[in-house]
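Asker:
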Amino acid sequence: MKRILLFLLVTSLSLFAQSKDPVTSVVKEILPRQQKNIVAAAEEMPADKFSFKPTPAQMSFGQLIVHITESNNYLCAKISDMPAPKPAELTETSSKEKLVAALKSSFDFCGTALDKVGDSKLGDSIELFGGRSALRAFAMIALTNDWADHYGSEAMYLRLNGLLPPTAQPKK
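Just so we're aligned, residue 94 is where the sequence shown starts under my numbering, counting upward by one.
(1) In whole angstroms, give me the CA-to-CA distance for Thr-186 and Ser-112.
(2) Let's test the definition: count the other Cβ atoms within 10 Å of the Cβ of Ser-246 and tell me whether it reaches 16, buried, or not, exposed.
(3) Just how far apart, CA to CA, sit Lys-265 and Ile-123?
(4) Whole angstroms are fine: how far does the CA of Leu-236 sit from the CA of Phe-109?
(5) Is it a yes or a no for the stretch 138-156 touching the stretch 165-172, going by three-plus beta-carbon pairs under 8 Å?
(6) When DSSP builds the beta bridges, which residues end up paired with Glu-182?
(7) Once DSSP output is grouped into helix, strand and coil, what is the label at Leu-215?
(8) Measure how close the beta-carbons of Thr-117 and Leu-228 come, nearest whole angstrom, since I'm counting them as under 8 Å.
(9) If you follow the beta strand (DSSP E) that Leu-228 is in, where does it begin and where does it stop?
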């Protein structure tokens, strides 16, 4: 999945070569599809399965949705230098409606945040996980990688519950 995302990124960069912000433009182009699929996967999982864990060591589906929401808010805040939104208290046992609403909001925040960034800032140093210094470009690439990884996890959870992930469902 990460190789496909990297291929799409490189291919899209050539299409955006005339753009003054080709990298940022590509990430903005990736956002709607990933948002659609990740949110649709969360909506597909029945509420009573949000506590499902493939193995005891893995996150529950509810924990995964909390993680995606927090990851989006954290990385998009770091990428844009905007303060991360303060969502309502979320836990793995929050209602499906509350978790899906927070997930949607996190993607909306990412859309707003990405509008505040241009390629000229990608070489800037920012503080990431545990106070580690990294380039803003690292956070942008980590964000797109996370989306691919998170959707892959959601798809696995759905399939283990006899459900098809959004991208595997027949076209309507």
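Even for Gly, the Cβ is constructed at its ideal location relative to N, Cα and C.
Answerer: Inspection of the coordinates gives the following:
(1) Their backbone Cα atoms lie some 44 Å apart in a straight line.
(2) With 16 or more other Cβ atoms from the protein chains shown falling within 10 Å of its own Cβ, Ser-246 counts as buried.
(3) A straight-line Cα-Cα distance of about 22 Å links Lys-265 and Ile-123.
(4) For Phe-109, the pLDDT reaches just 45, beneath the cut-off of 50, and the residue's location in the model is therefore unreliable, although a value from the coordinates is still provided. Per the coordinates, the alpha-carbon of Phe-109 lies some 19 Å from the alpha-carbon of Leu-236.
(5) Taking a cut-off of 8 Å on C-beta distances, the stretch 138-156 does not touch the stretch 165-172, as fewer than three cross pairs fall below it.
(6) Under DSSP, Glu-182 forms no beta bridge with any residue.
(7) Coil.
(8) Contact flag wrong, Cβ pair sits at about 14 Å.
(9) Start and end: 225-228.
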